[in-house]
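Numbering (our numbering), first residue to last: 41 to 579.
This is the structure we're talking about:
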């Protein structure tokens with residue numbers, strides 16, 4: 041058929057979510073395995089780490105009543121005082137006394153690392169958290185910090201009024217002494233004038249004492265109203281559950297991270313993978329039918345599996361290919377067929393050898409001609425000599441197949457090997473002599489199968505394609521690149537080749553991340569039924 045650009049590739053593909061789901065489903069074992077391994081690794085590391093225990097106490101900053109107010113400035117002052125006290129709790133004077141009280145040998149700098157003091161927003165509460173490797177020590181340090189700091193803050197604030205109180209107390213003591221002296225003198229004198237004078241002085245001193253006593257009480261009242269206190273509202277208690285390492289959390293996070301990383305790598309790998317994977321890609325991108333799907337198979341020697349194991353599912357797949365090729369020739373018979381591939385190693389020679397066998401077994405006279413005049417291999421599949429062949433037909437004036445085509449173990453199947461390799465294969469493939477050779481072979485057989493070099497390696501196949509009744513392309517899923525197949529089809533279009541369809545070769549049923557093995561080919565009969573032809577074999 042003649043192809044235009046719209047047939048070569050349909051560009052509007054969109055995101056194939058089912059393809060990615062199939063890929064992830066196929067690699068589910070790896071995703072789960074990586075998740076388990078990362079989770080186990082995180083669990084092992086976590087349980088080997090030293091556990092740390094945390095204790096928390098809550099402290100109330102009891103602001104002095106003289107400063108209590110609802111205006112904005114007072115609120116800000118209260119918040120600043122809370123922040124200030126939070127910082128003071130972790131200073132050396134407090135921690136040194138805590139270390140001394142608890143008999144700790146650790147340096148203060150190490151103790152600071154264990155402590156976290158946090159003011160609670162919009163409250164007068166301060167939260168003191170201590171985290172150490174010993175649960176009892178964490179609780180003791182937290183409680184000791186509050187006790188020591190509360191005492192120190194009382195001492196600091198008491199110093200503000202101590203001097204005034206001491207001065208007043210000294211003055212009051214002096215006046216009491218004067219009162220005592222003058223009272224004693226007044227008791228000893230009998231002179232009326234002297235006694236009256238002494239009593240006047242005593243009254244004056246008593247009035248001064250009363251004033252000093254009043255001032256003293258005022259200082260004490262001011263002290264009581266202006267001193268802020270720190271009250272422990274929730275003591276730190278013993279917590280035997282370690283806060284770190286969080287074994288289960290670390291295990292779950294590591295497992296999820298491993299799973300996500302694996303999924304990401306698989307997704308990137310799939311997005312960057314340009315290879316053909318499913319028959320649907322060939323239909324969707326290139327508008328070509330899939331004539332057959334040949335599963336991956338192992339055999340001891342390089343020979344057609346249709347001969348060595350004719351009852352195998354793979355042999356049945358080649359028979360399905362034969363049937364589908366016959367269906368393509370309803371309008372006109374196909375006498376000459378070229379089997380080629382985009383690149384080397386995709387299985388075109390194996391395909392043509394097995395196709396020739398099953399066609400001959402079906403009662404047709406078949407000639408397989410090896411036109412790969414660069415790296416011939418057809419003769420190796422049938423164990424034939426390669427002295428005479430295509431090059432002999434080109435070099436002799438008389439075209440005669442007798443003595444050139446060699447019989448095989450299959451009745452009605454003969455092979456024309458390459459013979460000695462010529463220096464100009466591409467020119468020979470496009471020559472009139474080649475057309476005459478094809479005519480001669482067509483007269484001697486029902487079907488002539490032509491093996492050629494890969495299309496992207498050399499131009500031999502493109503030169504020979506216009507002379508063929510049909511071209512079959514061999515594609516290896518997971519290996520044949522989309523760009524390579526597109527370029528091959530473009531070459532075929534330019535020479536007006538009649539491309540019959542595609543053969544998917546070496547399809548691995550299980551074990552690879554390609555969608556063709558998930559939904560479409562879970563068992564071998566699905567291969568055969570892909571185009572409506574049911575296989576008789578089972579895998």
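Note that CB positions come from ideal geometry on N, CA and C, so glycine has one too.
Can you give me the C-alpha to C-alpha distance between residue i and residue j, rounded to a whole angstrom?
i	j	result
residue 173	residue 298	30 Å
residue 155	residue 169	6 Å
residue 403	residue 518	35 Å
residue 362	residue 312	35 Å
residue 443	residue 388	26 Å
residue 452	residue 71	53 Å
residue 77	residue 295	8 Å
residue 158	residue 59	53 Å
residue 57	residue 63	10 Å
residue 542	residue 67	27 Å
residue 348	residue 479	32 Å
residue 39	residue 449	In the structure as shown, the chain begins at 41 and stops at 579. Residue 39 is therefore absent and cannot be evaluated.
residue 233	residue 198	48 Å
residue 411	residue 520	22 Å
residue 446	residue 490	15 Å
residue 164	residue 130	18 Å
residue 406	residue 488	6 Å
residue 465	residue 500	7 Å
residue 483	residue 440	12 Å
residue 545	residue 303	28 Å
residue 457	residue 319	33 Å
residue 346	residue 414	26 Å
residue 548	residue 397	23 Å
residue 227	residue 236	11 Å
residue 279	residue 183	14 Å
residue 12	residue 504	The displayed coordinates of the chain run from 41 to 579. Any statement about residue 12 would go beyond what the structure contains.
Classify residue i: buried if its beta carbon has 16 or more other beta carbons within 10 angstroms, exposed otherwise.
i	result
residue 427	exposed
residue 150	exposed
residue 422	buried
residue 180	buried
residue 196	exposed
residue 332	buried
residue 351	exposed
residue 364	buried
residue 94	buried
residue 326	buried
residue 308	exposed
residue 247	exposed
residue 367	exposed
residue 222	buried
residue 472	exposed
residue 328	buried
residue 209	exposed
residue 437	exposed
residue 224	exposed
residue 401	buried
residue 356	buried
residue 317	buried
Among residues of its own chain, excluding the 5 on either side of residue i, which ones have a beta-carbon nearer than 7 Å to its beta-carbon?
i	result
residue 83	287 and 291
residue 54	Unreliable placement is indicated for residue 54, whose pLDDT of 48 sits below 50; the coordinate value is still reported in the next sentence. Counting only Cβ-Cβ distances below 7 Å, and skipping sequence neighbours, we find nothing.
residue 459	426, 427, 428, 429, 430, 431 and 432
residue 133	192
Once the 5 residues before and after residue i are set aside, which same chain residues still bring their CB inside 6 Å of it?
i	result
residue 207	none
residue 271	100 and 102
residue 383	494, 496 and 524
residue 510	374, 377, 538 and 540
residue 126	157, 159 and 166
residue 285	86 and 89
residue 321	none
residue 74	298 and 302
Cutting at 8 Å between CB atoms, please list the residues of its own chain near residue i, excluding the five before and the five after it.
i	result
residue 300	none
residue 212	249, 252, 253 and 256
residue 137	188 and 192
residue 90	173
residue 178	93, 94, 95, 154, 170, 171, 172, 276 and 279
Tell me the DSSP bridge mates of residue i?
i	result
residue 491	379 and 410
residue 504	Answer is none; residue 504 lacks a bridge partner.
residue 93	172
residue 102	269
residue 446	455
residue 318	None; residue 318 has no bridge partner.
residue 521	315
residue 514	381 and 543
Task: Contiguous alpha helix (DSSP H) assignments of at least 4 residues, all confined to the region 229-283 - done: 232-266
Open item on the list: For a minimum of 3 consecutive residues, which ranges assigned as the beta strand (DSSP E) are wholly contained in the region 324-365?
Closed with: 330-335
TODO: For the region 141-190, list the beta strand (DSSP E) runs that are entirely contained and at least 3 residues long, ordered along the chain.
DONE: DSSP runs (the beta strand (DSSP E)) wholly in the region 141-190: 155-159 and 165-172.
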